[in-house]
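Chemist: My questions all concern the structure below.
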Amino acid sequence: MLKRERQAHILREVNIHNKVLITDLSQKLQVSEDTIRRDLQELA
1 MLKRERQAHI LREVNIHNKV LITDLSQKLQ VSEDTIRRDL QELA
């Protein structure tokens, strides 16, 4: 999955649930928690 796709998925999850856990996202997207953290920092 490309970075852009991953970040779009993260935004969708946040919009739907208002709150997401890094561990849940990393498992769902099959990437490391650090990758999710970096994506969240870029999206902020």
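Residue 1 is where the sequence shown starts when you use this note's numbering, and the numbers rise one by one after that.
Ideal placement from N, C-alpha and C gives every residue a C-beta, glycine not left out.
Note that the structure is a prediction, hence the values are computed from the model and not measured.
Any idea if Q36 is buried or exposed, counting beta-carbon neighbours within 10 angstroms, 16 or more meaning buried?
Modeler: Sequence index remark: in the sequence shown, residue 36 carries index 36 (1-based). Rather than Gln, the amino acid found at residue 36 in this sequence is Ile. With 16 or more Cβ atoms within 10 Å of its Cβ, I36 is classed as buried.
Chemist: D39: buried (16+ other C-beta within 10 angstroms of its C-beta) or exposed?
Modeler: Counting from 1 along the sequence shown, the entry for residue 39 is found at position 39. Counting Cβ neighbours within 10 Å, D39 comes out buried, since at least 16 surround it.
Chemist: Only counting the same chain, and skipping five residues up and downstream in sequence, which positions put a Cβ closer than 6 angstroms to that of T23?
Modeler: Here the question's residue 23 lines up with position 23 in the sequence shown. Cβ within range, chain order: n/a, list empty.
Chemist: Is L11 closer than 8 angstroms to L43 when the C-beta atoms are compared?
Modeler: As a position in the sequence shown, residue 43 is number 43, starting the count at 1. As a position in the sequence shown, residue 11 is number 11, starting the count at 1. Yes.
Chemist: Return the chain-ordered list of same chain residues with a C-beta closer than 8 angstroms to the C-beta of K19, the five sequence neighbours on each side being excluded.
Modeler: Along the sequence shown, read from residue 1 onward, the residue named residue 19 stands at position 19. Nothing listed; no residue qualifies.
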